[in-house]
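So that you can map any letter, position 129 of the sequence shown is 347 in the numbering used here, and since no number is skipped, the others follow by simple counting. Glycine included, each C-beta is placed from N, C-alpha and C at the ideal position. The structure displayed is predicted, hence computed values, not measured ones.
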Amino acid sequence: NSMARPHSARQATVAGKIGALSIGGNGMLNLPMKVTPQPPKAGAFKVRKDLMKGISLLRRFYDRGDLPICVKHCPSENEINWKVEPEKLDYHYYLPIFFDGLRDKEDPYFFFARRGVLDMIERGPQRIVAVLPQLIIFIKNALNTRDPDIVQTTLKIMQTMVKADERIGESLVPYYRQLLPIFNLLKANNKNSGDSIDYSQRKRVNVGELIHETLEMMEMYGGPDAYINIKYMIPTYESCMVV
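Next comes the structure, spelled out in structure tokens:
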């Protein structure tokens, strides 16, 4: 006689990733196993290579020889040799070109974008505010790539901008709805190192820490409406100005 089926025996299910079990089989009680596929990953932190494709304005203009720059090789870190002083340039024309280059990771374009933006901010901080509306789309594109190197560089540039001219922080407030959703997504992207030393904090390459720093600077320099607008877009943000 065949063994009676136990009362508690149910159809076995195996939870696994899609494609983990591609063939049918039997369980311990010779019952058919059913594969329950898990939903695919959302890919929220995945690098958006589609935003990095295409020829950036910086690459197009540099390859054409339309930018007054070349590399100046230095012992510690290379610099840009400006054929025309940056403060004499038309910021409305040239600054968006350098900001668009931030999404191009290939050298020398990424180097020119980073150093070019920082040089122009340093030489003409009072001229940035007028160009700010043109820069928002390029800042947003650079952050939305989700590439760690590009995001770190863009956040550091935003911090430099806010500190360079006190008007910039307040002028950024109307653009929080475009910029802060990606902040909200990536702010938890911290490294859990347990009790070991996290050297990325000293080198300032931890994306989560940089986002927290940048939000605090935006609140400090953004005027009376900055905090409530940050809180609206990032509900978990806590004010750094509370005494």
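Can you tell me whether residue i is helix, strand or coil according to DSSP?
{"i": "T432", "result": "helix"}
{"i": "N359", "result": "helix"}
{"i": "K301", "result": "coil"}
{"i": "P255", "result": "strand"}
{"i": "K323", "result": "coil"}
{"i": "I368", "result": "helix"}
{"i": "V423", "result": "coil"}
{"i": "K267", "result": "helix"}
{"i": "R306", "result": "Before going further, note that residue 306 is Lys rather than Arg in the sequence given. In the structure shown, K306 sits in a helix (DSSP, three-state: H, G or I)."}
{"i": "I386", "result": "helix"}
{"i": "K449", "result": "helix"}
Does the separation of the CB atoms of residue i and residue j fall below 8 Å?
{"i": "Y394", "j": "M435", "result": "no"}
{"i": "T371", "j": "V265", "result": "no"}
{"i": "D308", "j": "L275", "result": "no"}
{"i": "I429", "j": "K405", "result": "yes"}
{"i": "I298", "j": "V335", "result": "no"}
{"i": "N447", "j": "G426", "result": "no"}
{"i": "R333", "j": "P304", "result": "no"}
{"i": "P344", "j": "D383", "result": "Here residue 344 turns out to be Gln, not Pro, going by the sequence shown. Taking 8 Å as the Cβ cut-off, Q344 and D383 qualify as a contacting pair."}
{"i": "I386", "j": "K323", "result": "no"}
In angstroms with no decimal places, state the Cα-to-Cα distance between residue i and residue j.
{"i": "L397", "j": "K252", "result": "45 Å"}
{"i": "K301", "j": "P286", "result": "5 Å"}
{"i": "T432", "j": "M379", "result": "11 Å"}
{"i": "K358", "j": "P392", "result": "14 Å"}
{"i": "E388", "j": "Q377", "result": "13 Å"}
{"i": "K381", "j": "P366", "result": "23 Å"}
{"i": "L313", "j": "G283", "result": "16 Å"}
{"i": "Y439", "j": "L361", "result": "21 Å"}
{"i": "P326", "j": "A260", "result": "33 Å"}
{"i": "F279", "j": "E456", "result": "43 Å"}
{"i": "S294", "j": "I346", "result": "28 Å"}
Would residue i be called buried (16 or more neighbouring beta carbons within 10 Å of its own) or exposed?
{"i": "K290", "result": "exposed"}
{"i": "F330", "result": "buried"}
{"i": "A348", "result": "exposed"}
{"i": "Y311", "result": "exposed"}
{"i": "I315", "result": "buried"}
{"i": "M338", "result": "buried"}
{"i": "A444", "result": "buried"}
{"i": "F401", "result": "buried"}
{"i": "E437", "result": "buried"}
Relative to the ligand PLP, is the shortest distance from any of its heavy atoms to the C-beta of residue i smaller than 7 Å?
{"i": "P392", "result": "Summarising the ligand content, the structure contains no ligands, and the ligand PLP is consequently not present."}
Give me the Cβ distance between residue i and residue j, rounded to the nearest whole Å; I'm assuming they're in contact under 8 Å.
{"i": "R321", "j": "L403", "result": "With 8 Å as the limit, R321 and L403 do not qualify as a contact, their Cβ atoms being about 17 Å apart."}
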